Amino acid sequence: MSEPIIPRRVPPVLLLATPACEPLQAMQEGLEESGYQVDLVHDGSSVPQRAAQTQPDAIVLAADWPDASGLDWVRWLRQSSATSHLPVLLLLNDESEASVASAYRAGAWDHLLMPARMTDLLARLQVHCRAARAAREQAQMNRQALSALDAFGYASLTIRLPDACLLWQTPLAQDLLWRYFGTRPPIVPEPVLRWMKRSLQGADAAPGRLGEPAQLHVDRGGSRLSLRLHGSLDGQGEPPEPGRSDGWLVVMAEQSIAVTQQSLGKCFGLTAREAEVLYWVTQGKTNRDIGDILGSSPATVKKHTERLYAKLGVETRTAAAAMAFGRGGRGQAGSLLH
10 MSEPIIPRRV PPVLLLATPA CEPLQAMQEG LEESGYQVDL VHDGSSVPQR
60 AAQTQPDAIV LAADWPDASG LDWVRWLRQS SATSHLPVLL LLNDESEASV
110 ASAYRAGAWD HLLMPARMTD LLARLQVHCR AARAAREQAQ MNRQALSALD
160 AFGYASLTIR LPDACLLWQT PLAQDLLWRY FGTRPPIVPE PVLRWMKRSL
210 QGADAAPGRL GEPAQLHVDR GGSRLSLRLH GSLDGQGEPP EPGRSDGWLV
260 VMAEQSIAVT QQSLGKCFGL TAREAEVLYW VTQGKTNRDI GDILGSSPAT
310 VKKHTERLYA KLGVETRTAA AAMAFGRGGR GQAGSLLH
């Protein structure tokens, strides 16, 4: 008896899905003797649900069914976030170029021609179960690390763009999405989707490459939610294509505008009103905009800006903002402004 492969559990579980008429006894016995627990399914339509429920280490699936195609079940498995990560080995009765190409287009990881030799099946399952285990362990580590960031105020979520699906989120991310956008999982807020698509089309700095990640800021009352778009968690260094299926990482942090303004005042020796004006200057607001926000006239705002310019030793709005980002960046104020 060969040594069993143990990706996640003892013994590893295989979902074996073929029509009842197939000669499966020898295959099932060979797999069980090699240390696998075999979950046998004769109804192809139940494969997606069974796979989602049991989370097998791998799926061995027949391509030909009396009333359907196994390729349909493969597509279902690939389209669901609950099963898209599971290795699928497709059993083909026809190994023509067109048949093999269709199998991989549907999302199969591998294929074997029936009747399959047990040595070939075991060798391929060993490779795929090991790779799937490593991927699951890495994903679990990533999620644990991101969840730990919740304690420091950095919420994380993963979004798949093609179908606007929220694949995963930390508890803090779920709370922030509700408070700032009024949405619950799996719905992705429309402003977030538009920002992501615009960023990935090159309107903003390309995330995952040199430079700062693309950012979105949403103000609500006296607080601000900042979102940063990063690459996927594949560890390859390069960002994924916009349409890839494994999702994009978005990290969110909530900031208090009042705390930021207080920090600016302490950093530069400003009055409370001057600190408020400087904050909104850093946000690109005009005197008229700032007047509307603070309930003052543009002329009054202009006087405040002139006084804070003198205290900062600058002459323009751009220089004042740069000073706030630069010198303030060494303390709490600068970290909140970025």
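Read in order, the letters of the sequence shown are residues 10 to 347 in the numbering used here.
Just so you know, even glycine gets a beta-carbon here, dropped at the ideal spot from N, CA and C.
Bear in mind the structure is a predicted one, so any value in this text is a computation, not a measurement.
Asked                                                                                                                                                                : Found
With a threshold of 7 Å on Cβ separation, who are the neighbours of Trp74 within its own chain once the five nearest residues in sequence on each side are excluded? : Pro28 and Gly53
Note down the Cα distance separating Asp301 from Gln149, rounded to an integer number of angstroms.                                                                  : 48 Å
Looking at the structure shown, is Thr365 part of a helix, part of a strand, or coil, going by DSSP?                                                                 : For residue 365 there is no data in the structure shown, the boundaries of the chain being 10 and 347.
Three-state secondary structure (DSSP) at Gly337?                                                                                                                    : Reliability fails at Gly337, whose pLDDT of 47 lies under 50, so the model's placement of it is uncertain and the value that follows must be treated cautiously. Residue state, collapsed to three classes: helix.
In terms of alpha-carbon separation, which member of Val97, Ser93, Pro194 and Ala125 lies closest to Asp103?                                                         : Ala125
Roughly how many angstroms separate the alpha carbons of Leu23 and Asp172, rounded to a whole number?                                                                : 29 Å
Rounded to whole angstroms, what's the CA-CA distance from Lys311 to Lys275? Just pull it up for me.                                                                 : 21 Å
Our contact map puts Arg326 next to Val290 with C-beta atoms below 8 Å; I'd like the distance itself, whole angstroms only.                                          : 5 Å
Return the CA-CA distance between Val260 and Thr192, expressed in angstroms with no decimal places.                                                                  : 17 Å
Hey, how far is the Cα of Ser89 from the Cα of Glu42?                                                                                                                : 32 Å
Using the rule of at least 16 other Cβ atoms within 10 Å of the residue's Cβ for burial, across every protein chain shown, is Ile168 buried or exposed?              : buried
Where does Val47 fall in DSSP's three states?                                                                                                                        : strand
Can you look up Met261 in the DSSP assignment and give me helix, strand or coil?                                                                                     : strand
Arg126 lies in the alpha helix (DSSP H); which residues open and close that run?                                                                                     : It is not in any alpha helix (DSSP H) - Arg126 carries neither H nor E in the DSSP assignment.
Smallest Cα separation from Pro96: which of His226, Trp82, Ser108 and Ser105?                                                                                        : Trp82
Find the nearest neighbour of Arg229 within the set Arg207, Trp187, Glu199 and Arg237, judged by alpha-carbon distance.                                              : Trp187
Under a three-way DSSP split, which group does His226 fall into?                                                                                                     : strand
Taking the alpha-carbon positions, what's the Ile68 to Lys294 distance?                                                                                              : 57 Å
Do Leu185 and Ala164 have their beta-carbon atoms positioned less than 9 Å apart in this structure?                                                                  : yes
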